[in-house]
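Here the structure comes first, spelled out in structure tokens, and everything after it is commentary.
In the numbering used here, the protein residues as written are -17 to 146.
Quick look at the structure:
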């Protein structure tokens, strides 16, 4: 039996029967929003763990009973101010599987339409469009450091290459 050691709205710290601790979070969605001109819509959002803003992709938790595509579009509207007419499922990723029990479902978002919802963040989120072809440089120069966002971009690029 796993023992709950600590819990907040977003994270739960458990200890298993062997004394090893792990974190459990709600499953989430992440989108790679792509404009008709092949720009990716990134967000600059405050990262609590690092106490500074980071470059990231629109993402967030799936509420209980919420469909993944609905959650993806909700997060897009809350964080990037757009919704997608076309959401293509790219895969599921586990961001830090050794110590974090959480799955993120990745979507390529296209046919974007302006649409804003109020999110639950207590900080400002800035939107930035960056050409898809420049994303490798963002990684190389250290501007984009989030592993989940990097993996999502790779999945999106592979899907786009398969389309030709």
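For every residue, glycine included, the Cβ atom is placed at its ideal position computed from N, Cα and C.
Bear in mind the structure is a predicted one, so any value in this text is a computation, not a measurement.
Burial state of residue 96 (16 or more Cβ within 10 Å): exposed
Touching by the beta-carbon criterion (3+ pairs, under 8 angstroms), the region 71 to 83 and the region 31 to 43: no
Cutoff 7 angstroms; reference residue -15; Cβ partners in own chain excluding five residues on either side: -4, -3
Secondary structure of residue 44, DSSP reduced to three states: coil
C-alpha distance - residue 5 paired with residue 12, whole-angstrom precision: 19 angstroms
Environment of residue 15 [buried if 16+ CB atoms lie within 10 Å]: buried
Where residue 79 sits in the DSSP three-state scheme: coil
Beta strand (DSSP E) segment containing residue 10, residue limits: 10 to 15
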